[in-house]
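If you read the sequences in order, they're chains A and B. No gaps in the numbering here: position 73 of the first sequence is 73 in our numbering, and each next residue is one more. No gaps in the numbering here: position 338 of the second sequence is 338 in our numbering, and each next residue is one more. Worksheet for the structure shown next.
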Amino acid sequence: MAKTILAVDDSNSIRQMVAFTLKGAGYQVVEAVDGNDGLSKARAKAVDLVLTDQNMPGMDGLTLIKNLRATPQYRSVPILMLTTESSDSMKNQGRAVGATGWLVKPFDPKKLLEVVKKVIG
Amino acid sequence: MGNRQLFIAVSGITLSGCLLIIAGSSWVEWLALAIPSVAWIIFAWRESYKSPLGCSAEDLAELNRLTDEFHALLGEFARHFAIQLDGFKSEFSQIRHLLRDAVNRLTDSFKNMEAMTRKQESLITPIVARQQISKDNESKTSIVSFVNYASDTMSNYVETIVRVSMYSMKIVERMDDVYHTVSAILTDLDAVDNIAKQTNLLALNAAIEAVRAGEAGRGFAVVADEVRKLSHHSSQFSAQIRRHVAESQGVLRNAMAASAELSSHDMNFALQAKINLQQMIQEIKEIDRKMQMSISEISRIGNEIQNYVNSAVTALQFEDMASQLITHLDRRVLGLSALLDGVHNIGASTGESRTTTYHEKIGRFHNAIFQAVNLLSTTEHQAVSQQKMHAGDVELF
Chain A
1 MAKTILAVDD
11 SNSIRQMVAF
21 TLKGAGYQVV
31 EAVDGNDGLS
41 KARAKAVDLV
51 LTDQNMPGMD
61 GLTLIKNLRA
71 TPQYRSVPIL
81 MLTTESSDSM
91 KNQGRAVGAT
101 GWLVKPFDPK
111 KLLEVVKKVI
121 G
Chain B
1 MGNRQLFIAV
11 SGITLSGCLL
21 IIAGSSWVEW
31 LALAIPSVAW
41 IIFAWRESYK
51 SPLGCSAEDL
61 AELNRLTDEF
71 HALLGEFARH
81 FAIQLDGFKS
91 EFSQIRHLLR
101 DAVNRLTDSF
111 KNMEAMTRKQ
121 ESLITPIVAR
131 QQISKDNESK
141 TSIVSFVNYA
151 SDTMSNYVET
161 IVRVSMYSMK
171 IVERMDDVYH
181 TVSAILTDLD
191 AVDNIAKQTN
201 LLALNAAIEA
211 VRAGEAGRGF
221 AVVADEVRKL
231 SHHSSQFSAQ
241 IRRHVAESQG
251 VLRNAMAASA
261 ELSSHDMNFA
271 LQAKINLQQM
281 IQEIKEIDRK
291 MQMSISEISR
301 IGNEIQNYVN
311 SAVTALQFED
321 MASQLITHLD
331 RRVLGLSALL
341 DGVHNIGAST
351 GESRTTTYHE
361 KIGRFHNAIF
371 QAVNLLSTTE
381 HQAVSQQKMH
391 AGDVELF
């Protein structure tokens, strides 16, 4: 059965491109427009991987990770940040709240797939 | 009246008093001293109407007029600047929408292009794989295998035809031998006919001699008659054989002609067919080679298109970055707007005394700067540091 990935980003084009890349490789993709929407959808349906942006209206990516990690269901589910933020301080914050990895935008579809395969197979 | 004016007035009066005391009782001398004192008092009185900066009332009025004009200009400046800032906001919003729309359309186009490429690849891949399997397993399903098989079959067929033709020629030769043998039989039958004629003649002579011998030759006459009958039968039988042999010879001649024509005709046809087929096979092999090259090329191009689509997907993410940068610029514009409000308020009239208004305006300006600095402090963190659209780093924790 195809694995499900939750893509959280306020940019419609990024969501589309992430979904396009992942669906092309056989994954199922659920899209969310910000942290709140992402949290709600993650709780509604279990996903195998969360891919989230950092800067979003409402709830940002780091807060989303904190909230997900506080949910027993998502304590060990891989969560990748996909953001324009590239500073070490932000990455350290991500590591501290429980992010599994950090991908700096713009992403290369091949590299994204490689990382996703490495993380969830 | 300010402190300075009071000091000048008091010092003038004090100086006049001192001069009066020193001058003594003479009214002329008193007058001589009183006049400068009064002049000093008048001077001090005039001084009391001057501004704190040492301006005259006219200067002060001019200064106030200029201040009002300056405030009006600041107001005008702020109004125009606000219009431009509103323009910035509106155009940023327009850029954001245009980018979003363009990128959505481009994304759809690239998605469709990629889908078509995948479909094309899915159609080509089995053909390429089949070609590869055919090459590896020497299967009879590939065009090359089919052509080779057809070529071998045709060669065998032509060889068989040639062999048959050769055998036909040999048969014609054998039939020719038989024909000559049959001719020899006919010659031999002539000899048999002669023998029969001579036997008949002998029987006739024997019959004559038997008649001449009388009673004693009666038996001999019977034998002679039988011999003559035998001779006659022999002639008939020989004629019958001659007829049958002649018929066989005719059939044999026809068969020899037909066989010779057949073997000659088939051989030419088969040899020509073999040459034609070999040419066709070469052409088919060339077509197959080119087709395989084209299929490989299409497959390679498909992979290249995939790479280009990946590159486009990477580049199209500029909309997200541009959008974030525009949001950042929006914040800067908000900060500038707050500053502008402060400038605008300098020129606003509250209906109170000028001094109070100045203090209040300066306070409002300070406040506006403080608010603007707070707003602008949010722009210190720049989320987008990328200068080019190269794929970003990947780090797994």
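Glycine is no exception: its CB is placed at the ideal position from the N, C-alpha and C atoms. Nothing here was measured: the structure is a model prediction, and the numbers come from that model.
Hey, quick one: how far does the alpha helix (DSSP H) through residue i stretch, first residue to last?
i, result
"residue 16 of chain A", "12 to 24"
"residue 100 of chain A", "Careful: residue 100 of chain A lies outside any alpha helix (DSSP H) and carries neither H nor E."
"residue 41 of chain A", "35 to 44"
"residue 114 of chain A", "109 to 120"
"residue 61 of chain A", "61 to 69"
From which residue to which residue does the beta strand (DSSP E) around residue i run?
i, result
"residue 395 of chain B", "394 to 396"
"residue 83 of chain A", "79 to 83"
"residue 50 of chain A", "49 to 52"
Consider the Cβ of residue i: report whether some Cβ of chain A lies at a distance smaller than 8 Å.
i, result
"residue 107 of chain B", "yes"
"residue 286 of chain B", "no"
"residue 303 of chain B", "no"
"residue 121 of chain B", "no"
"residue 92 of chain B", "no"
"residue 89 of chain B", "no"
"residue 380 of chain B", "no"
"residue 394 of chain B", "yes"
"residue 387 of chain B", "no"
"residue 332 of chain B", "no"
"residue 2 of chain B", "Low confidence applies to residue 2 of chain B: its pLDDT is 48, below 50, so where it sits in the model is not reliable enough to give any reading."
"residue 290 of chain B", "no"
"residue 377 of chain B", "no"
Taking CB distances under 8 Å as the criterion, tell me whether residue i reaches chain B.
i, result
"residue 105 of chain A", "yes"
"residue 16 of chain A", "yes"
"residue 36 of chain A", "no"
"residue 85 of chain A", "yes"
"residue 108 of chain A", "yes"
"residue 3 of chain A", "no"
"residue 116 of chain A", "no"
"residue 111 of chain A", "yes"
"residue 12 of chain A", "yes"
"residue 25 of chain A", "no"
"residue 55 of chain A", "yes"
"residue 91 of chain A", "yes"
"residue 99 of chain A", "yes"
What is the DSSP secondary structure of residue i, reduced to helix, strand or coil?
i, result
"residue 421 of chain B", "Examination of residue 421 of chain B is not possible in this model, given that chain B is present from 1 through 397 alone."
"residue 217 of chain B", "helix"
"residue 343 of chain B", "helix"
"residue 363 of chain B", "helix"
"residue 120 of chain B", "helix"
"residue 384 of chain B", "coil"
"residue 316 of chain B", "coil"
"residue 100 of chain B", "helix"
"residue 379 of chain B", "coil"
"residue 86 of chain A", "coil"
"residue 55 of chain A", "coil"
"residue 75 of chain A", "coil"
"residue 389 of chain B", "coil"
"residue 169 of chain B", "helix"
"residue 1 of chain A", "coil"
"residue 56 of chain B", "coil"
Take residue i and list the residues in its own chain whose beta-carbon comes closer than 7 Å to its own, dropping the five residues that flank it on each side.
i, result
"residue 21 of chain A", "109, 112 and 113"
"residue 328 of chain B", "379 and 382"
"residue 10 of chain A", "33, 34, 53, 56 and 57"
"residue 60 of chain A", "35 and 54"
"residue 27 of chain B", "Reliability fails at residue 27 of chain B, whose pLDDT of 49 lies under 50, so the model's placement of it is uncertain and no value is given."
"residue 41 of chain A", "6, 30 and 32"
"residue 102 of chain A", "81, 91 and 94"
"residue 321 of chain B", "384 and 386"
What residues match up with residue i in a beta bridge as DSSP calls it?
i, result
"residue 6 of chain A", "A/30 and A/50"
Which residues in the same chain have their Cβ closer than 8 Å to the Cβ of residue i, if we skip the five residues on either side of it in sequence?
i, result
"residue 332 of chain B", "376 and 379"
"residue 234 of chain B", "192, 195, 196 and 199"
"residue 369 of chain B", "339 and 342"
Given residue i, which residues of its chain have a CB within under 6 Å of its CB, disregarding the five upstream and five downstream residues?
i, result
"residue 372 of chain B", "335, 338 and 339"
"residue 97 of chain A", "62, 65 and 66"
"residue 17 of chain A", "none"
"residue 315 of chain B", "389"
Can we count residue i as close to the ligand GDP, meaning its CB is less than 7 Å from some heavy atom?
i, result
"residue 236 of chain B", "The model depicted lacks the ligand GDP and carries no ligand whatsoever."
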